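For what it's worth, the numbering used here labels the leading residue of the sequence shown as 1160, then goes sequentially. For each residue, glycine too, the CB sits at the ideal point set by N, CA and C. Predicted model only: the values in this text are computed from it and were never measured. Okay, structure first, notes after.
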Amino acid sequence: MQTPEYESLLCKISDTYARGQFLAHQAVSSYLLETYWKIGQFVVEFEQGGNFKAEYGKALLKKLAADLSLRHGRGFSLSNIYLMRQFFILFPKFQTSGISDSLTWSHYCELLNISDDMERQFYEAQCQKEKWSVRELKRQKQSSLFLRLAQSKNKKAILKLAADGQAQENPQDILRDPYVFEFLKIPENSRLNEGLLEQKLMDNLQSFLLELGKGFAFVGRQYRITLNNEHFYVDLVFYHRYLKCYVLIDLKVEKIRHHDIGQMNMYLGYFANEENVEGDNPPIGIILTREKDELLVEYSMYGMESQLFVSKYQLFLPDREELRRALEFALK
């Protein structure tokens, strides 16, 4: 018989087992990281002791890969040994270099392939903050998230972003410009309407939430609001768990117009007065558009106190080199 006492026992055992599995996995991951770091240390110290030239170093790694693979099987490919060596070089003190046991060796393999120290530091911090899987880390690297976030910041803010990851303390912190929707696999020159774009985003909601960033919870699409018996529809509504506010998103496939901004401002007023409950902060409005006239946006928002933003989106991955040039200019 399923008594309350038995149910309590069952829950205790299940919770303890689940936690034990998690800790065991974390411990294995931590020991594996330390093992690979030590292997990298042995290789580097051997090279330094023999005063190896670069070409001899490459030969050493090839020989180690062949001999260790014969002894231990998988895990000692040439690329893996090279990464272990890089691991030690980039994190020379295992206990004090910030190596996180919340990340796996597969995470670090992705991070070690980033040559820029600031960029690598950002993705490492963001992985820990947002608990990205390796697949999510790959996608954010590919979409140049760090460079996109950095391009609108000054030097001090860029350095803080690289050191600490992306903060989420005010509405500006959750914005990206541009947003990248390459996961929709829509050809750049295809004819697109707002309904199709919205449907594609909903069909790829997991990827869309990853692009939006941490903290977004989906509320609804075509969210109806009624004023004086007239119905209006907000394309997408989210709630941000950390900023504790609604986030309203309108999609535009053509150039933004001044009345689009006025309409979003009306939506924000409605949510602030009709949807917010005690503890909610003022809502945020984001208009996502293919084309953005900065001057029109500035004049259309003149005098507005609402948290209303206009960002561009694109259907293809950004030009990484162009973003990097912009970053280098900002850091001068």
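ask   = Grouping DSSP H, G and I as helix and E and B as strand, with all else coil, what is Q1301?
value = The answer is helix: DSSP assigns Q1301 an H, G or I state.
(Q) Comparing C-alpha positions only, which one of F1246, Q1161 and N1387 sits nearest to Y1429? (A) Residue N1387 is the option with its Cα nearest to Y1429.
Reference L1455; option with closest CA among I1445, V1469, S1465 and H1399: The option with the nearest alpha carbon to L1455 is V1469.
Spell out the partners DSSP gives Q1473 in its beta bridges.
Bridge partners of Q1473: V1339.
Which stretch, first to last residue, makes up the beta strand (DSSP E) that contains E1370? Counting along the chain, E1370 falls outside any beta strand (DSSP E), though it belongs to the alpha helix (DSSP H) covering L1364 to L1371.
task: Look up Y1382 in the DSSP assignment and give the residues it is bridged to.
output: DSSP output for Y1382 lists V1393 as bridge partner(s).
**OP:** Identify whether Y1405 lies in helix, strand or coil by the three-state DSSP scheme.
**Re:** The answer is strand: DSSP assigns Y1405 an E or B state.
Candidates F1246, R1294 and V1378: closest to L1407 by CA position: The residue from F1246, R1294 and V1378 with its alpha-carbon nearest to that of L1407 is V1378.
Suppose only complete runs of 4+ residues qualify. What are the alpha helix (DSSP H) ranges in the segment 1416-1481, listed by chain order? Counting only runs of 4 or more, we get 1417-1429 and 1453-1459.
- Query: If we call anything under 8 Å between Cβ atoms a contact, is L1490 one with K1314?
  - Reply: Yes; because the gap between Cβ atoms is below 8 Å, this pair is in contact.
- Taking 8 Å as the threshold, find out whether the segment 1263-1279 comes into contact with the segment 1296-1303 through three or more Cβ pairs. Counting Cβ pairs under 8 Å, three or more are found: they touch.
| request: Could you tell me which residues DSSP puts in a beta bridge with H1399? | output: Note: H1399 sits in a beta bridge opposite F1375 and C1404.
What does DSSP give as the partner residue(s) for K1414 in the beta ladder?
For K1414, which the question treats as bridged, DSSP gives the partners E1450.
**Prompt:** Are F1246 and E1278 closer than 8 Å when you measure CB to CB?
**Reply:** Here F1246 is not near E1278, since their CB atoms are 8 Å or more apart.
### Query
Between R1380 and the rest of its own chain, which residues show a CB-CB distance below 8 Å, the 5 nearest in sequence each way excluded?
So the qualifying residues of the chain are E1357, M1361, D1394, L1395 and V1396.
Would you call the segment 1312-1327 and the segment 1284-1292 in contact, with 3 or more CB pairs under 8 Å? Contact between the segment 1312-1327 and the segment 1284-1292 is present, because at least three Cβ pairs lie under 8 Å.
* The alpha helix (DSSP H) spanning S1238 covers which residue range? -> Its alpha helix (DSSP H) spans residues L1237 to L1249.
Rounded C-alpha distance that separates L1410 from K1359 | Approximately 12 Å between the Cα atoms of the pair.
Mind checking whether Y1426 and R1449 have CB atoms under 8 Å apart? Taking C-beta atoms as the reference points, Y1426 and R1449 fail to come closer than 8 Å.
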